[in-house]
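Q: Position one of the sequence shown corresponds to residue 7 (this note's numbering), numbered consecutively onward.
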Amino acid sequence: MIKKYKNILFDMDGVLINSMKYHTTAWQHAFKQNNISTTDKKIMELAGMTSIDTIKIICKDNKIKYNDTLITKIKSDKAKELDKIFRVELYDGVYEELIKLKKNNYKLALISGARNYEVQKTVKTHFKNIFDLVISGDDIKLGKPNPEPYQTAINKLNLNKKETVVIEDALSGIQSANSAGIDVLAITTSFPKKELLNATLIFNNHKELFDYLNQN
Numbered sequence: 007m008i009k010k011y012k013n014i015l016f017d018m019d020g021v022l023i024n025s026m027k028y029h030t031t032a033w034q035h036a037f038k039q040n041n042i043s044t045t046d047k048k049i050m051e052l053a054g055m056t057s058i059d060t061i062k063i064i065c066k067d068n069k070i071k072y073n074d075t076l077i078t079k080i081k082s083d084k085a086k087e088l089d090k091i092f093r094v095e096l097y098d099g100v101y102e103e104l105i106k107l108k109k110n111n112y113k114l115a116l117i118s119g120a121r122n123y124e125v126q127k128t129v130k131t132h133f134k135n136i137f138d139l140v141i142s143g144d145d146i147k148l149g150k151p152n153p154e155p156y157q158t159a160i161n162k163l164n165l166n167k168k169e170t171v172v173i174e175d176a177l178s179g180i181q182s183a184n185s186a187g188i189d190v191l192a193i194t195t196s197f198p199k200k201e202l203l204n205a206t207l208i209f210n211n212h213k214e215l216f217d218y219l220n221q222n
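In structure tokens:
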């Protein structure tokens, strides 16, 4: 049975744009600059979290005592590297599908843990006039997996949770949506199905996902 939704809250990186490879590379560069080691897999597991939370977890893994100075340095190193290498690559058909959903009167929001600069630049260039609300990692106090990002969208748009669904690729995002009490549809762009089992439904690709949404 297909559930009827009226509101769709999209994550950005790994859902609408193929960007996780750039974030992973930039994080590795930043940590190496500060003599901290981690794996690509670990960085992917933390995808969706704020930069500060990511840094704290990686430092703890390395038994490194962190302070505001170190956190600021790593954040800056990551941001500088990302700005050098980042390219916006929309997944095939995503823009057209968003336009279709918009024309069918869905309320659409973008909820990302990325910097406001990155989010707003991407929206202005590729998703202008599509989203009713845009929330970046700079707009919240507690990032994913805390429910605050998605709960903030619910509150700001005055949405009924039973009529709302979240679209995610990341483990922290799925947990955030679940903690907020919102259905979440996962797509396997970043993780295999077996790691996304906490989602309401899982889709292998964007075509499957949007076919489902368009049946609503």
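Positions of the beta carbon are idealized from the N, C-alpha and C atoms, including for glycine.
Values in this document were obtained by computation on a predicted structure and should not be read as measured data.
Considering only residues of the stretch 144–200, which uninterrupted alpha helix (DSSP H) runs meet the minimum length of 4 residues and lie entirely inside it, listed in chain order?
A: Those alpha helix (DSSP H) runs which fall completely within the stretch 144–200 and span 4+ residues are 154–163 and 177–186.
Q: Look at the alpha carbon of residue 78 and the alpha carbon of residue 45, and state the distance between them as a whole number of angstroms.
A: The residue given as residue 78 occupies position 72 in the sequence shown. The residue given as residue 45 occupies position 39 in the sequence shown. Cα-Cα distance, rounded: 21 Å.
Q: Considering only the beta carbon of each residue, do residue 82 and residue 118 sit closer than 8 Å?
A: Here residue 82 is taken as the residue at index 76 of the sequence shown, counted from 1. Here residue 118 is taken as the residue at index 112 of the sequence shown, counted from 1. No, Cβ-Cβ distance for residue 82 and residue 118 is not below 8 Å.
Q: Please report how far the alpha carbon of residue 218 lies from the alpha carbon of residue 87, in whole angstroms.
A: Here residue 218 corresponds to residue number 212 of the sequence shown, with the count starting at 1. Here residue 87 corresponds to residue number 81 of the sequence shown, with the count starting at 1. Using only the alpha carbons, I get a separation of about 37 Å.
Q: Pick from 125, 220 and 109: whose alpha carbon is nearest that of residue 116?
A: Reading the sequence shown from its first residue, position 110 is the one you call residue 116. For residue 116, the nearest C-alpha among the options comes from 125.
Q: In this structure, does DSSP put residue 220 in helix, strand or coil?
A: Your numbering for residue 220 matches position 214 in the sequence shown. It is helical.
Q: Would you decide whether residue 203 is buried or exposed? Buried here means 16 or more other CB atoms lie within 10 Å of its CB.
A: On the sequence shown, residue 203 is found 197 positions in, with the first residue counted as 1. Its Cβ having fewer than 16 others within 10 Å, residue 203 is exposed.
Q: Tell me the rounded alpha-carbon separation between residue 12 and residue 23.
A: For the purposes of this step, residue 12 is taken as residue 6 along the sequence shown, with counting starting at 1. For the purposes of this step, residue 23 is taken as residue 17 along the sequence shown, with counting starting at 1. Their Cα atoms are separated by approximately 23 Å.
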